[in-house]
Amino acid sequence: MKNTLILSILIMMASCGSKHISTEKVNDESKIDSLIQLMTLEEKIHMIHASSSFTSGGVERLGIPELVMSDGPHGVRMEHGRDWTPDKTDKDMATYLPTGICLASTWNKNLGYQYGSVLGSEAKARGKDIILGPGVNIIRSPLNGRNFEYLSEDPHLASEMAVGYIKGVQDQGISACVKHYAANNQETERTKVDVIVSERALREIYLPAFKASVEKAGVNAVMGSYNKVNGQYSTHHQHLINQVLKQEFGFDGIVISDWSAVKDTREALLYGTDIEMGTDIVQLPNPDYDAFFLADSALAMVKRGEVDEKVVDEKIRRILRVMLKTSMSGTKSPGQFNTAEHQQTALKVAEEGIVLLKNENLLPFKPNQFKTILVVGNNAVYKQALGGGSSQVKALYEITALEGLKKYAGPNTKVLFAEGYIPTNDLSYDIKLADEAVLAAGKADAVIFVGGWIHNYDQTVWDGTAFDMEGKDKTNLKLIYGQEELINRIAKANPKTTVVLMGGSNVEMKNWMKNVPAILQAWYPGMEGGNALAKIIFGETNPSGKLPMTFANTHNEYPSHAVGEFPGKDLRVSYAEGIYVGYRYFDKQNLEPVYPFGYGLSYTGFSFSNLKLTQKSGQVVVECTVTNTGKMAGAEVAQLYVAPLNPLVDRPVKELKGFEKVYLKPGESAGIKLVLENEAFGYFDEKSHQWKTDTGTYEIQMGNSSRNILLKESISL
Ligand code: BGC
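Okay, so the sequence shown: first residue is -13 according to our numbering, each after it adds one.
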C-alpha cells in the first residue's frame, strides 16, 4: 500500500469511532499497533533521533512525518534551516512575549493560558509540531543564567502558571515540551554537573511543576536536562524518568533529550529517552545523524539482542501517540502569526508582570505633569529579544522603554534621553556618559532610570559581560557598568528619580534604594514592554505584579549560597539546603528579605476580611473578601499559605498552596474561594517513600505577600 493510503485508512479507523474520549484513545492505540507492525527496525530507529537541527525522523513510506520542533519559551524562534544556518528571511519575525519570570509575576493563570495560545498558534502558523517550553526549573539561586526563562522559586506558583501555558499551547493542536527535567538549576557545568539532592526535595520542590504539567495539563512532551541527578544523567534516568515520570505520574508522551544531552546508548534505550536531539556530537554543516547514540549503535544493540525491540516499540508508541493528537490528527485549524491579539497578550503580560517595589508618593505621573522628563540608561534603548540563548526571538518589533515613555508622557512633556552607561567588556563606569546624565538630571523635572541586567547571545563579542543567558551563571548581583554610582549621583541631582530594573533576577539594592523614591522591576518585558512600563508610570495601568522569587540583599543570603553549594565543586553540587529554597529558607531562618516572595505594590489599597474555613470530605474550603479601599481600579493577588503548627517532622514555616487574582474598582469587593485538597497539607516522607498528611493543627493564612499575612485561622485535621 502507498504511504498516504495507509495513513488515511488508519486515520479513518480512528475517526469513525464514537466521540467518547476513551474510545478515541483505544482507536489511537490500535492504530499505533498497526503502524508499528508495518515498520522495520531501521525505520523505528530513524524516528528516535534527530534528522536535522530541529526535527526527528519520520517514515515517508508510511506517511509518518518528521516531528518539527522549535524553541522556545517566549516566542517561536527564528528559522535555523536543517543545519543551524539562520534562514535569510523576515518571515520568521514573531511575537516576542515577556519572558517566563515576567509571566509568573502576573500570578494570573488565565494569562498563562493566553500566553500559551499565542505560542501554539504561532508555532502552528510556522509549521511546528512542538514548542520547546515552558521552562519550569525552580529558581534555586538568583545567579542562574536562565532564571529569566523560568517561573519561580515556589513549586505551586510554577505549577499553576505552567499548567495554563501548556493548555494554551496544546489547545492549538501543538505540543508543549516542559523542560528541563530535572534539577537543572544552574548553567555552570550544566552538561556535567551531578546534582546530589534528596528525594524529599525532589518531590516537594523540584518535581511538582513537572507533575502538574503531566497530571493537570496533559503535556505531550518533556525535555530531559543535561545534568546528572544523584549520579545518573537525567535525560536517561531510570528512577526519574521510568519510575517517577512515566509510571508514577502516568506520563504517556515523549521524553526528548536536551540538545546533545544523551551520553549512552544503552541507558538512553532502557532508561526512558524517547528521542535524542542535538547537533554538536557531529560536525556541521554535514552532521551525521546516524552517529547519534540512538541511531546506528542502538540499531546494532537491538540486532545483537542486547536490548529487546519492544523497548524501541514503546518509544515509537509514545511518538505516534503524540502525533495522532497533533500533527497526524488531520483536524488542525490554521495558526495565526503576529496578530494584534497576540501583541495585546504580550502587552497584558508585561502590564501585569511588572512589579512596583517602592513608591514614596511619586508614581503614577500624570501625562503632561512635567515639562521635561529625563530617561537615563542604556536599557531604555537596548533591544533584548535576540538575547539569552535558545530562547531568542526575532521580534517583529520591540518597543523600548524610551519609545513607550515618549508615547505616554503627553504632548506637553518633553522626554529627553541620556545614555548614562553603556555595556562594556570590563563592566566599567563611563565617567563622561555619567557626568552628562547627572548634569541633565539636575535640569529635568523628573528622571526615569532604566538599567539592570542585559542579555546577549553573541558570546564572541560579549564574553565576560553577558548575563541572563544559557551556559553561564552570574557571579554576583552587583549592578554592572557602574549603575550603582550613577543611580546615586542622579538621585542626588534629582530627588524625583524612578529606577526601573530589567533582568532575570534582582540586583543588590542596599547601597542606593533608600536614595530613590520609586523602584519598578520590569524583568524582560517583551515586545510591548516599553508601552507596558509607560502605562504603569503614567497611571493608565495600575501595577499588579508580585515577585515570584525572594529579593535579598546579596546572593550570599540565598540558601544555596549560604550552604556553600552553588555552583558546586568538582562537577558536583549538593542541594544541602534540602526543601528550604526561597522563602521557605528565609522564613525558617527568620531572615528579613529586601522584598519578600509574593510582594508587589499597587496605586490603590486593598483590605482582606471575612476569613471562613469549611472542612468537608477531606477538603478545606477557604473563603475571604478582598476590597479595593483606594481611589483607583486595580488588581490584588490573594495568596493562601498553609502553616503546620507543631509539625511531627521538619516542615517549612508556611507554603503557598493557592492564589487568586481579583480585579476591583474603587470600593468594590470580591469573594475569594480556594479549595485545599488533602495534599496541600502533606509532605514527602522519605521513610515510607510516600506523601503523608499528619493529623494536627494547621494555620490557614491569607495575605498579599509571604510576609504580609492579613487573615489567619487554625484548623485541626
Ligand atoms: C537548551 C534547550 C533548548 C535546546 C534547543 C539547549 O541548549 O538547553 O532549552 O530547547 O537547546 O535549542
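We treat Cβ as the ideally placed atom computed from N, Cα and C, and that holds for glycine.
| G58 beta carbon near the ligand BGC (any heavy atom closer than 7 Å) | Within the sequence shown, numbered from 1, the residue matching residue 58 stands at position 72. The nearest non-hydrogen atom of the ligand BGC is less than 7 Å from the C-beta of G58.
| message | For F323, tell me which candidate among A477, E346, A281, G113 has the shortest Cα-Cα distance. | response | Within the sequence shown, residue 323 is the residue found at index 337, counting from 1. Residue G113 is the option with its Cα nearest to F323.
| task | Following the continuous alpha helix (DSSP H) through S546, name the residue where it begins and the one where it ends. | result | Along the sequence shown, one-based indexing puts residue 546 at 560. That run of the alpha helix (DSSP H) goes 545 to 548.
| field | Sub-8 Å separation of K500 and V433 beta-carbons | value | To locate residue 500, count along the sequence shown from 1; it is residue 514. To locate residue 433, count along the sequence shown from 1; it is residue 447. Taking 8 Å as the Cβ cut-off, K500 and V433 do not qualify as a contacting pair.
| said: For R132 and E456, which I take to be in contact (beta-carbon distance under 8 Å), what is that distance rounded to the nearest angstrom? | reply: Reading the sequence shown from its first residue, position 146 is the one you call residue 132. Reading the sequence shown from its first residue, position 470 is the one you call residue 456. Indeed, because the Cβ distance is near 6 Å, the residues count as touching under 8 Å.
| field | Simplified DSSP assignment, three categories, for R558 | value | Mapped onto the sequence shown, residue 558 falls at position 572. Strand.
| field | Per DSSP, the bridge partner or partners of F670 | value | Here residue 670 refers to the residue found at position 684 when the sequence shown is read from its first residue. Listed as beta-bridge partners of F670 by DSSP are W677.
| query | Closer than 7 Å: is that where the CB of D78 sits relative to any heavy atom of the ligand BGC? | reply | Counted from its first residue, the sequence shown places residue 78 at position 92. No, the Cβ of D78 stays beyond 7 Å of every heavy atom of the ligand BGC.
| request: Tell me whether E699 sits in a helix, a strand or coil according to DSSP, three-state version. | output: Position 713 of the sequence shown, counting from 1, holds the residue named residue 699. Note: E699 maps to strand in three-state DSSP.
| query | Quick one: is the Cβ of L360 within less than 7 Å of any heavy atom of the ligand BGC? | reply | For this step, residue 360 is matched to residue 374 along the sequence shown. If you check the C-beta of L360 against the ligand BGC, you find no heavy atom less than 7 Å away.
| request: Just the C-alpha distance for S107 and P320, rounded to the nearest angstrom, thanks. | output: Locating residue 107 in the sequence shown gives position 121, counting from the first residue. Locating residue 320 in the sequence shown gives position 334, counting from the first residue. In this model, S107 and P320 are separated by some 8 Å (Cα to Cα).
| query | Would you say the beta carbon of K617 comes nearer than 7 Å to a heavy atom of the ligand BGC? | reply | By 1-based counting over the sequence shown, the position of residue 617 is 631. Result no, Cβ not under 7 Å from the ligand BGC.
| Roughly how many whole angstroms lie between the Cα atoms of Y571 and E551? | Sequence index remark: in the sequence shown, residue 571 carries index 585 (1-based). Sequence index remark: in the sequence shown, residue 551 carries index 565 (1-based). So the alpha carbons of these two residues sit roughly 14 Å apart.
| T683, buried or exposed, once every other Cβ within 10 Å from all chains shown has been counted against 16 | Taking the sequence shown and counting its residues from 1, the one referred to as residue 683 is at position 697. Exposed.
| Close-in-space but distant-in-sequence residues of the same chain around K249 (CB under 6 Å, 5 per side omitted) | Residue 249 sits at position 263 when you count from the first residue of the sequence shown. Around K249: Y219.
| query | My guess is that I227 and V215 are in contact by the Cβ rule of under 8 Å, so how many angstroms apart are they, rounded? | reply | If you number the sequence shown from 1, residue 227 lands on position 241. If you number the sequence shown from 1, residue 215 lands on position 229. In this structure, I227 and V215 do not form a Cβ contact; the two beta carbons are roughly 10 Å apart against a cut-off of 8 Å.
| Hey, would you say the C-beta of D244 is under 7 Å away from at least one heavy atom of the ligand BGC? | Within the sequence shown, residue 244 is the residue found at index 258, counting from 1. For the ligand BGC, at least one heavy atom lies less than 7 Å from the Cβ of D244.
| request: For I686, count neighbouring Cβ atoms within 10 angstroms of its own Cβ and tell me buried if that reaches 16, exposed if not. | output: Residue 686 sits at position 700 when you count from the first residue of the sequence shown. The residue is buried, with at least 16 neighbouring Cβ atoms inside 10 Å.
| field | Proximity of F134 and V164 at Cβ, strictly below 8 Å | value | Locating residue 134 in the sequence shown gives position 148, counting from the first residue. Locating residue 164 in the sequence shown gives position 178, counting from the first residue. Cβ atoms of F134 and V164: not closer than 8 Å.
| query | Considering only C-alpha positions, which residue in the set L506, V608, I34 is nearest to T259? | reply | For this step, residue 259 is matched to residue 273 along the sequence shown. Answer by Cα proximity: I34.
| task | Return the CA-CA distance between G490 and I18, expressed in angstroms with no decimal places. | result | The residue labelled residue 490 in the question sits at position 504 within the sequence shown. The residue labelled residue 18 in the question sits at position 32 within the sequence shown. Roughly 43 Å separates the two Cα atoms.
| said: Going by DSSP in three states, K202 sits in which element: helix, strand or coil? | reply: Counting from 1 along the sequence shown, the entry for residue 202 is found at position 216. Correct three-state label for K202: coil.
| Proximity below 8 Å, CB of R126 to CB of V567 | Stepping through the sequence shown from its first residue, residue 126 is reached at position 140. Stepping through the sequence shown from its first residue, residue 567 is reached at position 581. Yes.
| request: Indicate, with yes or no, if the ligand BGC has a heavy atom lying under 7 Å from the CB of S376. | output: Taking the first residue of the sequence shown as position 1, residue 376 is located at position 390. Checking the Cβ of S376 against the ligand BGC gives yes.
| message | For N690, count the other beta carbons within 10 Å of its own beta carbon; 16 or more makes it buried, fewer makes it exposed. Which is it? | response | Counted from its first residue, the sequence shown places residue 690 at position 704. Label assigned to N690: buried.
| request: Measure the alpha-carbon distance for E543 versus G373 and round it to whole angstroms. | output: Indexing the sequence shown from 1 puts residue 543 at position 557. Indexing the sequence shown from 1 puts residue 373 at position 387. Roughly 28 Å separates the two Cα atoms.
| Is the CB-CB distance between H625 and L662 below 8 Å? | Residue mapping note: residue 625 aligns to position 639 of the sequence shown, counting from 1. Residue mapping note: residue 662 aligns to position 676 of the sequence shown, counting from 1. His is not the amino acid found at residue 625; the sequence shown has Gln there. It is not a contact, given that the beta carbons lie outside the stated cut-off.
| If you check the beta carbons only, do D556 and T174 fall under 8 Å apart? | Working through the sequence shown from its first residue, we reach residue 556 at position 570. Working through the sequence shown from its first residue, we reach residue 174 at position 188. No, they are not a contact pair.
| Does at least one heavy atom of the ligand BGC sit under 7 Å from the Cβ of E456? | Here residue 456 refers to the residue found at position 470 when the sequence shown is read from its first residue. Answer for E456: yes, Cβ within range of the ligand BGC.
| Would the stretch 165 to 172 and the stretch 326 to 334 be scored as touching if the rule is three or more Cβ pairs under 8 Å? | Below 8 Å, too few C-beta pairs join the stretch 165 to 172 and the stretch 326 to 334 to call them touching: fewer than three.
| field | Cβ-heavy atom distance, K214 to the ligand BGC, below 7 Å | value | Walking along the sequence shown from the start, residue 214 turns up at place 228. Because no heavy atom of the ligand BGC lies under 7 Å away, the Cβ of K214 does not count as near it: no.
| Helix, strand or coil at T41 according to DSSP, with G and I counted as helix | What you label residue 41 is simply residue 55 of the sequence shown in a count that begins at 1. T41: strand per DSSP, three-state reduction.
| said: Quick check: does the Cβ of L696 come within less than 7 Å of any heavy atom belonging to the ligand BGC? | reply: Start at 1 with the first residue of the sequence shown, and residue 696 comes out as number 710. Flag unset: Cβ of L696 not near the ligand BGC.
| task | Return yes when at least one heavy atom of the ligand BGC lies under 7 Å from the C-beta of H35, else no. | result | Here residue 35 is taken as the residue at index 49 of the sequence shown, counted from 1. Flag unset: Cβ of H35 not near the ligand BGC.
| Option in T410, P638, P633, V648 with minimal Cα separation from S702 | Locating residue 702 in the sequence shown gives position 716, where the first residue counts as 1. The residue with the shortest Cα to Cα distance from S702 is P633.
| request: Taking 8 Å as the cut-off, decide whether the C-beta atoms of E384 and Y82 are in contact. | output: What you label residue 384 is simply residue 398 of the sequence shown in a count that begins at 1. What you label residue 82 is simply residue 96 of the sequence shown in a count that begins at 1. Against a cut-off of 8 Å, the Cβ pair of Y82 and E384 comes out as a contact.
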